[in-house]
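Below: the structure, in structure tokens.
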Amino acid sequence: MQPDAASRPVWQLDQTLRAGFPSPALDEGARRIDLNEVLVRHPEATFVMRVAGDSMREAGIDEGDTVVVDRAIRPAHGMVVVAVFDGEFTVKRLELRAGRPRLLAANPSYPAIEPREGQTLEIWGVVAHCIKSFVPMEGKSGRAG
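Residues in the sequence shown are numbered from 1 upward in steps of one, following UniProt numbering.
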């Protein structure tokens with residue numbers, strides 16, 4: 001996702017992938033796409049980060065996932081954001097009540113984060129996409145995800 005990285009287009013099929021009943025696949029209607037065009041709206045303000053922990057599992061963001069974070073998108077109520085709370089990065093859902101931010105986990109095991117006097121909270125960026133890996137990448141640090 002670096003602006004100077006060589007583009008490596010992948011194939012996109014002009015088909016909807018059903019998650020219910022199977023549909024016959026068609027070989028026609030394929031074209032090459034650059035994933036940067038699909039995942040990155042603001043290249044100079046976009047970063048990828050690896051997720052650690054399970055506080056966002058009910059939002060579909062799991063340990064080892066990669067999130068695409070866009071710092072140019074204005075954070076709004078209900079968005080999933082990357083925040084810096086007392087110097088630590090975290091990913092949570094943003095809730096705004098009477099103009100005051102609160103960070104909500106998508107796992108009932110975790111309490112909401114409500115900054116108190118003397119604590120710092122910066123909304124660093126908006127999570128635009130979540131990338132999941134189901135198969136480890138060969139030769140890529142030997143880790144899945």
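C-beta atoms are modelled at their ideal positions from N, C-alpha and C, and glycine is treated no differently.
Beta-carbon proximity of residue i to residue j, cut-off 8 angstroms
| i | j | result |
| --- | --- | --- |
| residue 89 | residue 80 | no |
| residue 103 | residue 94 | yes |
| residue 150 | residue 60 | With the chain covering only 1 through 145, there is no way to say anything about residue 150. |
| residue 217 | residue 58 | Summary: the structure shown does not reach residue 217, with the chain confined to residues 1 through 145, and so no result is reported for it. |
Rounded straight-line distance, which links the Cα of residue j to that of residue i
| i | j | result |
| --- | --- | --- |
| residue 69 | residue 20 | 30 angstroms |
| residue 41 | residue 86 | 29 angstroms |
| residue 112 | residue 32 | 43 angstroms |
| residue 133 | residue 100 | 35 angstroms |
| residue 142 | residue 75 | Its pLDDT being 47, under 50, residue 142 is placed unreliably in this model, and the value from its coordinates should be taken loosely. Roughly 35 angstroms separates the two Cα atoms. |
| residue 54 | residue 135 | 20 angstroms |
| residue 9 | residue 114 | 42 angstroms |
| residue 126 | residue 91 | 9 angstroms |
| residue 131 | residue 137 | 13 angstroms |
| residue 119 | residue 38 | 37 angstroms |
| residue 116 | residue 84 | 14 angstroms |
| residue 56 | residue 30 | 34 angstroms |
| residue 73 | residue 36 | 16 angstroms |
| residue 45 | residue 123 | 14 angstroms |
| residue 52 | residue 108 | 17 angstroms |
Identified DSSP bridge partners for residue i
| i | result |
| --- | --- |
| residue 61 | Answer is none; residue 61 lacks a bridge partner. |
| residue 49 | 67 |
| residue 37 | Partner(s): none; residue 37 has no beta bridge. |
| residue 120 | Bridge partners of residue 120: none, in fact. |
Cβ shell of residue i (< 6 angstroms), same chain only, five flanking positions each side left out
| i | result |
| --- | --- |
| residue 128 | 68, 70 |
| residue 34 | 7, 9 |
| residue 78 | none |
Beta-carbon contacts of residue i that lie in its chain and below 7 angstroms, excluding the five residues immediately before and after
| i | result |
| --- | --- |
| residue 121 | 83, 85, 101, 115 |
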